[in-house]
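Some notes on the structure that comes next.
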Amino acid sequence: MPTKFDSYLFRFFIIWYTIGVFLLSFDLVPPWLEWANVVFLITSGLLAMVYFYRSGSKRKSLIVIVVIFFLSMAIESFGVHTGLFFGDYTYKTDFGPKLIGVPITIGFAWVMVMATSHVLAAPIIEVVPRFKGFIYACYGAVIATSLDLIIDPVAYEVKQYWVWNEPGLYYNIPFSNFYGWFILSFLLHIVIFGLFYRAGKWTNNQSSFWSMRMVYLYGMMAVMFIIVSLVNMMWLAPVVSLVTLIVYYIAYIKLIRTFAND
3 MPTKFDSYLF RFFIIWYTIG VFLLSFDLVP PWLEWANVVF LITSGLLAMV
53 YFYRSGSKRK SLIVIVVIFF LSMAIESFGV HTGLFFGDYT YKTDFGPKLI
103 GVPITIGFAW VMVMATSHVL AAPIIEVVPR FKGFIYACYG AVIATSLDLI
153 IDPVAYEVKQ YWVWNEPGLY YNIPFSNFYG WFILSFLLHI VIFGLFYRAG
203 KWTNNQSSFW SMRMVYLYGM MAVMFIIVSL VNMMWLAPVV SLVTLIVYYI
253 AYIKLIRTFA ND
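Under this note's numbering, the first residue of the sequence shown carries the number 3, and numbering increases by one thereafter.
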């Protein structure tokens, strides 16, 4: 059963999320409320951190959280300062305090991306006979990168949270951004697999409450950016995102049911 803290934290996020979707969709966020973006990203990251902490070994969970947070920050810093890995880009919006040139909210966001994509990808282990870790990490990385197919177009084309200093075919976003997402999320999924997969099973599935919240959270993040993109008359990105979201949800449900019936 979730603690009161767990329930209150998720309810707070739901309220903040609902208000945020409305304000972002109709561009009603006043300059003095820009800090709301920081609260939103940190809260989404906290949800993912609580998921990891509640679902498995506390020591291993803390290791996963720290590795995801600081490795993603380090890679983002490398990208910002060199233009490599994710492409040449510059932050335009104040996302809060920075560490090594990168807003700490980015670290929280990456923990959210990894927790949600992990939960959706984890059941694939049950239906593959060999190379389980590799297939899981690839699938998880695809799920994680798919989320960026809707986040970046909105963040760049609509909100100008950051700008790209080089061209690209998909909403002027360089392809290096997406393979950078894939590589980083693949490596982080390998870390998760190495720590939490033991004796032929996942050891971090002790909280069904938080596992389902991560499934919901992935969809909520995608839907928020889909709504904003549609309001701003963007068509390709929301279609791509909606299709991939449906595919991943159907695959997750089928895999869970297959595992439950075995």
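Glycine residues also receive a C-beta, built at the ideal position from the N, C-alpha and C atoms. These numbers come from a predicted model, not from an experiment.
- Under the DSSP assignment, V165 falls outside any alpha helix (DSSP H), being part of the beta strand (DSSP E) whose first and last residues are 164–166.
- Using a 10 angstroms sphere on the CB of V130, the tally of other CB atoms stays under 16, which defines it as exposed.
- For Y141, the uninterrupted alpha helix (DSSP H) run begins and ends at 134–155, by DSSP.
- In this structure, N206 sits away from F195, with a CB-CB distance that is not shorter than 7 Å.
- Annotation: the stretch 21–69 contains no complete segment of the beta strand (DSSP E) (minimum length 3 residues).
- Boundaries of the beta strand (DSSP E) around Y91: 91–93.
- By the Cβ-count criterion, I255 is exposed, with fewer than 16 other Cβ atoms from all chains shown falling within 10 Å of its own Cβ.
- Cβ neighbours of M116 within its own chain (closer than 6 Å, five residues either side excluded): I70, L190.
- When only Cα atoms are considered, L73 and V193 end up about 11 Å apart.
- Take the alpha-carbon of T246 and the one of F87: they are about 24 Å apart.
- 7 Å or more divides the Cβ of T92 from the Cβ of Y163.
- At a Cβ-Cβ threshold of 7 Å, F188 and A124 do not count as neighbours.
- Put simply, the stretch 210–221 does not touch the stretch 169–184. Fewer than three CB pairs are less than 8 Å apart.
- By the C-beta density criterion, I16 is exposed, having fewer than 16 other C-beta atoms within 10 angstroms.
- Here R56 is buried: its Cβ has 16 or more other Cβ atoms, across all protein chains shown, within 10 Å.
- Within the same chain, V52, Y53, R56, S57 come within 7 Å of W212 by CB-CB distance, once the 5 residues on both sides are set aside.
- A distance of 7 Å or more separates the beta carbons of F97 and V31.
- If you draw a 10 Å sphere on the C-beta of N179, you find 16 or more other C-beta atoms in it, and that means buried.
- In the structure shown, Y250 adopts helical secondary structure according to DSSP, grouped into three states.
- Secondary structure of P125 (DSSP, three-state): helix.
- V104 carries a strand assignment under DSSP once its states are collapsed to helix, strand and coil.
- In the three-state reduction of the DSSP assignment, W204 falls in the strand class.
- According to DSSP, Y172 shares a beta bridge with I175.
- Note on L122: 16 or more other CB atoms within 10 angstroms of its CB, so buried under the neighbour-count rule.
- Beta-bridge pairing by DSSP links Y199 to W204.
- Here W237 carries a coil assignment [DSSP, helix/strand/coil].
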